[in-house]
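Per the working numbering, the sequence shown starts with residue -18, numbered consecutively. Data first, discussion second: the structure below is written as structure tokens.
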Amino acid sequence: MQERILTKLWASRYTTDLSAFSAEIAQNAIMQIVDASSSVGRRKTVERLMRSLQVSCERAGIQTNTLFSYVPNVVNLSDAQRIAISATQLYKQTTEFYEQHSLPLSSFVLMPSIGLQAIEKLSANLEPALHDLRVQHLTAKDPRTIGFLSTQFHFSTQFLLGQLTPVEQILLSPYFRFLEEQVCIPWKRICDAAAEHSVESPYLELVRQMLPQSKDIAKTVFRGMVQLNPNHQSRRGGLNEPGVTASTIRDIQMFQGYLLLCILEGSVASIEEELVPLCVMVFPAIDVTWELVNQGTQLLIEELIARMQPEQIQILYPYARSMRYFFAELCG
């Protein structure tokens, strides 16, 4: 029961507000969405993506290799090729799943938002290939490999969405974002860890309250980072560059995910052994300073505390303190 509650909250993260989107384009926006979301519309979208799927994933691999060229022996050429093949297969499965789950016309009348359909089924469909990917690459002695993987999937999503119309992007982005987050954010592990807690557990209640707010929290923290660092430049551009904004908000959600996982597991091991090595791999490669990361971590903790009851803050405190310590150490 506990796991199912969090699974529903997990699925709610992948939604798009139709009313906000329709205001951005012409008055016929809803009809465009209805057409693109129909069985025929989805088939056309998927057919177009399939023609360039392999090339896009290979291109993402090349860009990732270039980005991390300063780090010796993170992945060799054969590993990079296998990762591209695995990514292609996972995106193929995801787009095929999207094609099979078109929405009825009534959905656009009854719901103010749309998003990922049948998250548990999609997760189950992808799990064998994701498991193989983890076995092949994430169990390697170098834990920084996850940084390479998460970056390659991020670039793959960017390249694939860039080939779609704005309406198609709205419909498909929840599915690609879900896949991308499976590589670097432990949402599924959070749901699994919830099963070890009773319904009355204050730890479970804290996670249940914070999980649906994760994106809003990330956006608030991001705005604070921009205000404090208006001139910050990484290798990918300023914080307000669309691609940088999207990846930064995703990273803030990743930090939240690891905090919530540690709370449910009763240990900071996942932060120390997974999150920190991942950040050590990725952030120097794109010229993100540890000062910025440390500042973002502090802003995140402050935002979480602002949304919690006093007893929940006491639960959060030891895990937040450890996270702050780990990243403060990297500031030297």
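Each residue gets a CB set at the ideal place from its N, CA and C atoms; glycine is no exception. Predicted model, so just to flag it, every value in this text is computed and none were measured.
| query | What are the residues that DSSP puts in a beta bridge with Gly218? | reply | Along the sequence shown, read from residue 1 onward, the residue named residue 218 stands at position 237. Paired residue(s): Ser215.
| query | With a cut-off of 8 Å, does the C-beta of Asp173 fall near any C-beta of chain D? | reply | Absence of chain D from the displayed structure is noted, only one protein chain being present.
| contact_flag[the segment 173 to 180, the segment 223 to 239] where n(CB pairs < 8 Å) is 3 or more | no
| Going by C-alpha distance, which of Phe49, Arg305, Ile14 is nearest Thr132? | As a position in the sequence shown, residue 132 is number 151, starting the count at 1. Closest option to Thr132, Cα to Cα, is Phe49.
| request: Taking the CB atoms as reference points, tell me whether Ile151 and Ile14 lie closer together than 8 Å. | output: By 1-based counting over the sequence shown, the position of residue 151 is 170. By 1-based counting over the sequence shown, the position of residue 14 is 33. Contact flag set, yes.
| Taking Cβ to Cβ, would you say Ser228 is nearer than 8 Å to Gln144? | Position 247 of the sequence shown, counted from the first residue, corresponds to residue 228. Position 163 of the sequence shown, counted from the first residue, corresponds to residue 144. No; because the gap between Cβ atoms is not below 8 Å, this pair is not in contact.
| Own chain partners of Val257 with C-beta closer than 6 Å, once the 5 adjacent residues on each side are dropped | Working through the sequence shown from its first residue, we reach residue 257 at position 276. Once the five neighbours on either side are set aside, the close Cβ partners of Val257 are Phe307.
| request: Pull up the distance between the alpha-carbon of Arg23 and that of Phe136, whole angstroms please. | output: Reading the sequence shown from its first residue, position 42 is the one you call residue 23. Reading the sequence shown from its first residue, position 155 is the one you call residue 136. If you take the alpha carbons of Arg23 and Phe136, they lie about 23 Å apart.
| Taking only runs of the alpha helix (DSSP H) that begin and end inside the segment 256 to 299, which ones reach a length of at least 4 residues, in chain order? | 257 to 263, 271 to 287
| task | State yes or no: is the C-beta of Ala41 within less than 8 Å of the C-beta of Phe140? | result | Here residue 41 is taken as the residue at index 60 of the sequence shown, counted from 1. Here residue 140 is taken as the residue at index 159 of the sequence shown, counted from 1. Contact: yes.
| request: Classify Ala174 as helix, strand or coil using the three-state DSSP reduction. | output: Here the question's residue 174 lines up with position 193 in the sequence shown. Of the three classes helix, strand and coil, the one that applies to Ala174 here is helix, per DSSP.
| task | Spatial neighbours of Gln70 within its chain, please: CB distance less than 8 Å, with the 5 preceding and 5 following residues excluded, ordered by chain position. | result | The residue you call residue 70 lines up with position 89 of the sequence shown. Cβ within range, chain order: Ala110.
| Three-way DSSP call (helix, strand, coil) for Gln144 in this model | Translated into the one-based positions of the sequence shown, residue 144 becomes position 163. Looking at Gln144 - three-state DSSP - the assignment turns out to be coil, as it is neither helix nor strand.
| query | Alpha carbon to alpha carbon, how far is Ala199 from Asp60? | reply | Stepping through the sequence shown from its first residue, residue 199 is reached at position 218. Stepping through the sequence shown from its first residue, residue 60 is reached at position 79. C-alpha separation (whole angstroms): 33 Å.
| task | Can you tell me which of Tyr239, Glu292, Leu30, Val269 puts its alpha carbon nearest to the alpha carbon of Glu255? | result | Within the sequence shown, numbered from 1, the residue matching residue 255 stands at position 274. The candidate whose alpha carbon is nearest that of Glu255 is Tyr239.
| query | What is the DSSP secondary structure of Gly247, counted as helix, strand or coil? | reply | Looking up residue 247 in the sequence shown gives position 266. Coil.
| field | Pairwise C-alpha distance: Trp(-9) and Cys172 | value | Here residue 172 refers to the residue found at position 191 of the sequence shown. Here residue -9 refers to the residue found at position 10 of the sequence shown. Looking at the two C-alpha atoms, the distance is approximately 8 Å.
| task | Spell out a yes or no on whether the segment 261 to 269 and the segment 210 to 230 are touching, meaning 3 or more CB-CB pairs, one atom from each, closer than 8 Å. | result | yes
| query | The alpha helix (DSSP H) spanning Ile64 covers which residue range? | reply | Along the sequence shown, one-based indexing puts residue 64 at 83. From DSSP, the alpha helix (DSSP H) with Ile64 extends over 58 to 81.
| query | Taking just the CA atoms, how far does Leu185 sit from Arg(-6)? | reply | Translated into the one-based positions of the sequence shown, residue -6 becomes position 13. Translated into the one-based positions of the sequence shown, residue 185 becomes position 204. Between Arg(-6) and Leu185, the C-alpha separation is close to 18 Å.
| task | Look up Ala309 in the DSSP assignment and say whether it is helix, strand or coil. | result | Counted from its first residue, the sequence shown places residue 309 at position 328. It is helical.
| Sorted by chain position, which residues of the same chain lie with C-beta nearer than 6 Å to Ile286's C-beta, five sequence neighbours on each side aside? | By one-based count along the sequence shown, residue 286 stands at place 305. Excluding residues within five positions, the ones whose Cβ falls inside 6 Å are Ile294.
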